[in-house]
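Take a look at the structure set out below.
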Amino acid sequence: MKQTIQQKGLTAIYVRRSVSDSFKGNNSLSINAQKEECIRFVGDEPYRIYCDDGKSGKDVAHRPAFIQMMQDARDGLISRIVVKKYDRFSRNMREYLNITDELDRYGVSVYSLSEPFNTSTKEGRMMRNNLLNFAEFERETIAARVADAYNTKARETGFYQGGKMYYGYDSERRTVNGKTGSVLVPSEQAESVRIAFSMYQQPECSLKDIIEFFKENEVVTRRTGAYKSRGSINQSHVSLILESPLYVRADKDVYAYFQSRGFEIVDDVEAYDGVHGVFAHKDNDGKTYVKVGYHEGLVDSKTWLAVQDKKAHNRKFPNNGKAKRSWLVGMLKCPHCGYSIQLNIQHNKERTKTWRYLIDFGFSTAQGCRKRTLKTKLDDVEEAVYIAMCDKIKSLEVARHEEDTPDAETESLKAEILKYDDDIHKLMDKLPDADEVLFAYIQKRIKEFHKAKSKLESKLQMKSRKHRAIDTKPLKEPLKNWDSLTIDAKHEIAVMMIDAVYVSDEDGIHIQFCI
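Those letters in the sequence shown? Residues 1 to 515, per the numbering used here, in order.
This is the structure:
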């Protein structure tokens, strides 16, 4: 019965053209050319054409016509498959072999017009497999070239490079510096982004609060007819929005922030003008580089940097369920091994009494630390840290009153910057009278001076930002009413002030502040 069905089965003509084929200028790979050659070969036999236009050959999951052809083969509707070339069928060697094995079980053969060898012999199969290996290599080479081209364009221009559309922006075709490309422009969601950043910089605001805001905002815009569906917003989406430098009006402080993070910075510090946003890209090695875009940022740098500081602390010290046992959970560390110190809770049988013990996690590691259970009481640690936090706020307030008196390092940096300015102006005055050789030399020296000056300006901006970032007002009032705060509220205040609390029975308690 199976043999009868196969004898009556149609010949399947499979044609495919990927997007990259259109750039090769090979007309023989066009859909019509493939169809004509295959139909001419089939002659008067009954056939059915399966066409995937604009589909890659790297897999079959995204090729609907191919999937339908395989289902027809399973149903016994086709007896053979004819293709222009084997790489139209598949460029993935492993996938191709799996598919042909499956087709062999159905008694369906695959015939290529461009590679006329008999795949029923071991020699023919070897030649076919070699051709497919070359096709797979070509696909991987094309993918690498596309990635290289993307990175080259991303480094050279501030255009939007395509792909996902960012929340809060649409794209427009514009000409900038003689080149035309896509530039991001604020959309109807832009104001929502601004409000989200403004909300999240507040100590009491969480990602859940931002999600609720987005939901409420979307309901309002939908009723006004201005809503554009872009998928539901979840906590991960909100977190990515708040972390993205795309939205910041990047200035010298943002430049200094990127330097501190170790990012590769494509543009000089002068490009950070306090107006434009920044694209963050990954190169082929997975390293992040940043490029100032042609689009306008939505959020001022002070707000954006405050959000980054808060998110950095939240990543370090997650406010999970254990934080309800102590507002120091996630901050305690052992000074000897560097591992975290965890909290162990024990109750009596009647659960009328509770004991809190500090456990050194490093004790259970391969290296092993000095002891598992510390004698130091958590209550004593919490009291000591609270007193130290209050003292820190007092010292910051004293420092703020003395802020008008510039320190020696700041004055030295300013003097060096002025000297570079003077040297640059002197060199520029010599340019009109310079010959070709001297002109090139002067240009080189000016570029060197600008680079050195930019580094000094970044250092000065980092110092000034550090002074501006220390605002004691949001911290002073909660510390005054410490006993009335919940454990969660205490935890939020602590992570704003502290990087780590090192505890040991031998060395006592040492606090590493982040302000």
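We put the beta carbon where it would ideally sit given N, CA and C, even for glycine.
Counting along the chain, T410 sits inside the alpha helix (DSSP H) bounded by residues 408 to 430. Residue environment analysis places M428 among the exposed positions, since fewer than 16 neighbouring C-beta atoms fall within 10 angstroms of its C-beta. Rounded to the nearest whole angstrom, the C-alpha separation of A12 and M165 is 39 Å. For H491, the number of other beta carbons within 10 angstroms of its own is at least 16, and it is reported as buried.
Judged by DSSP in its simplified three-state form, Q346 adopts strand. A residue is called buried once 16 or more other Cβ atoms fall within 10 Å of its Cβ, and G293 is buried on that count. Under the 8 Å Cβ criterion, the segment 346 to 358 counts as touching the segment 369 to 386, having at least three qualifying pairs. Distances from the CA of G76 to each of L305, Y96, Q189, V108 were compared; the closest alpha carbon is that of V108. Every beta strand (DSSP E) of 3 residues or more that sits fully in the segment 234 to 286 is shown, in chain order, as 276 to 282. When beta bridges are read from the DSSP output, A384 appears opposite no residue.
Take the alpha-carbon of A61 and the one of M69: they are about 13 Å apart. With fewer than 16 other Cβ atoms from the protein chains shown falling within 10 Å of its own Cβ, L431 counts as exposed. Between the segment 263 to 278 and the segment 444 to 457, the count of C-beta pairs closer than 8 Å reaches three or more; the two stretches touch. Within its own chain, the residues whose Cβ lies closer than 6 Å to the Cβ of R174, once the five positions on either side in sequence are excluded, are V183, listed in chain order. Across the set E350, H295, Y14, the C-alpha of Y14 shows the shortest separation from the C-alpha of D52. Inter-residue distance for Q189 and Y167 is about 7 Å (C-alpha atoms, whole angstroms). For Y200, the uninterrupted alpha helix (DSSP H) run begins and ends at 190 to 200, by DSSP. The three-state secondary structure of K85, taken from DSSP, is coil. At a Cβ-Cβ threshold of 8 Å, Q201 and K310 count as neighbours.
Membership of H62 in any beta strand (DSSP E) is not indicated, and neither H nor E is assigned to it by DSSP. C38 is classed as buried because its beta carbon has at least 16 other beta carbons within 10 Å across all chains shown. Burial is judged here by how many other beta carbons sit within 10 angstroms of a residue's own beta carbon; L240 has fewer than 16 and is exposed. For S198 and A306, the gap between their C-alpha atoms comes out near 10 Å. Here F279 is not near K287, since their CB atoms are 8 Å or more apart. Nearest in C-alpha terms to G277, of all of L246, Y255, K252, is L246. Counting only the Cα atoms, H295 lies some 11 Å from V176. Judged by their CB atoms, L242 and V503 are not nearer to each other than the 8 Å cut-off. Per DSSP, K480 is one residue of the alpha helix (DSSP H) stretching across 473 to 480.
For the pair of segments examined, the segment 381 to 400 was found not to touch the segment 418 to 425: the number of CB pairs separated by less than 8 Å stays below three. DSSP places A489 inside the alpha helix (DSSP H), whose first and last residues are 487 to 497.
The residues V248, R249, A250, D251, D253, V254, G274, in chain order, have a CB closer than 8 Å to that of S301 in the same chain once the five nearest residues on each side in sequence are set aside.
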